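Residue numbers for the sequence shown follow numbering that gives the first Met the number 0, so the first one is 0 and each next one is one higher. The C-beta atom is built at its ideal place from N, Cα and C for all residues, glycine as well. No experiment lies behind these values; they were computed from the predicted model shown. Notes for the one structure printed next.
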Amino acid sequence: MYKIVAKKELAPKIKLFEVYAPEIAEKAKPGQFIILIIDEKGERIPLTIAGYDRKKGTVTFVFNEVGKTTKQLGLLKEGDSITNITGPLGNPSEIKNFGNVLCIGGGVMIAPMLLQVKALREVGNAVTTVIGARIKDLLFFEEEMKALSHKFYVATDDGSKGYKGLGFLKEFIEKDRFDRCIAMGPVVMMKTVCEITKPFGIPTIVTLTPIMVDGMGMCGVCRVTVGGQMKFACVDGPEFDGHLVDFDGLINRQRMFLPEERLSSLLWEKLGGCGCGGK
Ligand SMILES: Cc1cc2nc3c(=O)[nH]c(=O)nc-3n(C[C@H](O)[C@H](O)[C@H](O)COP(=O)(O)OP(=O)(O)OC[C@H]3O[C@@H](n4cnc5c(N)ncnc54)[C@H](O)[C@@H]3O)c2cc1C
Ligand code: FES
């Protein structure tokens, strides 16, 4: 059992959990993820490690309540326990002095991007950060990210804060010479970033989040196409060269179980799992 030692709501439906898991905290590195199972009947869901404290023995992750399991997870309180957490899984991010790095974190993935930015700064990179969300109310970690970045920008899909969309990046990349770009966020956002950076030849690393089951390279559910080759995001990634990723294939695979996912969430709510008494 893994005890939740701290819980925070960062934005509507976006929650942070710090969980006591010393064996994971000891080995965790930026870019890796965990797979958790809430209770004995729960499904396995992957979440990216957004922080760790080796002294306290805790691991932090941030999640968006999008379906049955993440909504159920959001109901847990400080002091409650999660039945199983496996990790750290996946390959750690490559952290070295690249020079001038552009980091773009979108949606819930702003959280693991903060960990990555910290690590990149520690080894001497100059870091420009962009954080983005659909609307301004869904932004979080603005002050934390600003404090770590040489330059800091905000973008929202509807323009309610900062730049409207990511179109501004093109002009801005033309002025600054970036040695590397790292993008973490919704697939569509990462695809847009890659389309912008490719003509400039800026190596761009993306974190792929296909549906996963075992997270250990055995089931094949997380397969993605990168550079025309089939890769398993869990063991070959989750980070890949964004200019080689077949994003449209990934988007189609992510939508594969949409009717089942909707039904599962609906049934759970109807049966009162969310605490609403089935209303
Ligand atoms: C390596 C990896 C790291 C991830 N890190 C995070 C994280 O740090 N924080 C976070 O909130 N989520 C993260 N995800 C996505 C998270 O695992 C899913 O949101 C979660 O499994 C949804 O479970 P659910 O039962 O609540 O929703 P479901 O009922 O399974 O799905 C509800 C909705 O979410 C979409 N969805 C399901 N799985 C994914 C997915 N893998 N990626 C994107 N959309 C999905 C579905 O298409 C559907 O629209 C990560 C996924 C992977 C593979
Ligand atoms: S999740 Fe099973 S092979 Fe990657």
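Give every residue of the same chain whose Cβ lies closer than 7 Å to the Cβ of residue i, excluding the five residues on either side of it in the sequence, and list them in chain order.
| i | result |
| --- | --- |
| residue 277 | Only weak support is given to the placement of residue 277: the predicted model assigns it a pLDDT of 46, under 50, and the question is left unresolved by the model. |
| residue 37 | 68, 71, 72, 81 and 82 |
| residue 224 | 245 and 248 |
| residue 190 | 246 |
| residue 12 | 63 and 64 |
Which residue marks the beginning of the alpha helix (DSSP H) containing residue i, and which one marks its end?
| i | result |
| --- | --- |
| residue 120 | 109-121 |
| residue 186 | 186-196 |
| residue 262 | 257-269 |
| residue 23 | 21-26 |
| residue 150 | Premise fails: residue 150 lies in the beta strand (DSSP E), 150-155, not in any alpha helix (DSSP H). |
| residue 168 | 167-174 |
| residue 73 | 67-73 |
| residue 144 | 141-147 |
Going by DSSP, what residues sit across from residue i in a beta bridge?
| i | result |
| --- | --- |
| residue 15 | 7 and 61 |
| residue 32 | 47 and 88 |
| residue 159 | For residue 159, which the question treats as bridged, DSSP gives no partner whatsoever. |
| residue 2 | 80 |
Thinking C-alpha only, which one of the options is nearest residue i?
| i | options | result |
| --- | --- | --- |
| residue 144 | 164, 13 and 118 | 118 |
| residue 167 | 153, 176 and 178 | 153 |
| residue 29 | 189, 181 and 262 | 181 |
| residue 260 | 125, 64, 98 and 59 | 64 |
| residue 252 | 222, 230, 240 and 227 | 222 |
| residue 86 | 33, 188, 161 and 133 | 33 |
| residue 91 | 189, 77, 174 and 206 | 206 |
| residue 31 | 9, 121, 51 and 199 | 51 |
| residue 24 | 48, 11 and 262 | 48 |
| residue 173 | 195, 219, 2 and 262 | 195 |
| residue 200 | 243, 111 and 88 | 243 |
| residue 122 | 55, 94 and 57 | 94 |
| residue 186 | 228, 209 and 40 | 209 |
| residue 7 | 66, 45 and 75 | 75 |
| residue 0 | 14, 9 and 21 | 21 |
| residue 111 | 184, 19 and 4 | 184 |
| residue 5 | 226, 84, 77 and 171 | 77 |
| residue 84 | 66, 19 and 55 | 19 |
| residue 35 | 234, 250 and 211 | 211 |
| residue 53 | 46, 27 and 142 | 27 |
| residue 161 | 141, 175 and 177 | 141 |
| residue 89 | 255, 237, 254 and 258 | 237 |
What residue range is occupied by the uninterrupted beta strand (DSSP E) comprising residue i?
| i | result |
| --- | --- |
| residue 228 | 228-231 |
| residue 222 | 222-225 |
| residue 252 | No beta strand (DSSP E) contains residue 252, which is instead part of the alpha helix (DSSP H) from 246-253. |
| residue 239 | 238-240 |
| residue 99 | 99-105 |
| residue 179 | 179-183 |
| residue 130 | 125-132 |
| residue 50 | 44-52 |
| residue 85 | 83-88 |
| residue 208 | From DSSP, residue 208 is part of no beta strand (DSSP E); its letter is neither H nor E. |
Keeping to the same chain, check which residues put their C-beta closer than 6 Å to that of residue i; ignore five residues upstream and five downstream.
| i | result |
| --- | --- |
| residue 42 | 68 |
| residue 202 | 179 |
| residue 131 | 105 and 154 |
| residue 157 | 134 |
| residue 150 | 127 |
| residue 234 | 216 |
Kindly list the residues whose CB is nearer than 8 Å to the CB of residue i, restricted to its own chain and excluding five residues on each side of it in sequence; keep chain order.
| i | result |
| --- | --- |
| residue 192 | 103, 165, 168, 180, 182, 203, 205 and 241 |
| residue 124 | 96, 97, 98, 99 and 100 |
| residue 147 | 113, 116, 117, 120, 126 and 128 |
| residue 263 | 66 and 67 |
Does any C-beta atom of chain B lie closer than 8 Å to the C-beta of residue i?
| i | result |
| --- | --- |
| residue 252 | The chain labelled as chain B is not found in the depicted structure, where only one protein chain is given. |
Three CB pairs or more closer than 8 Å across the region 204-215 and the region 134-154: no
Sufficient close CB pairs (3 or more, under 8 Å) joining the region 44-63 to the region 104-111: yes
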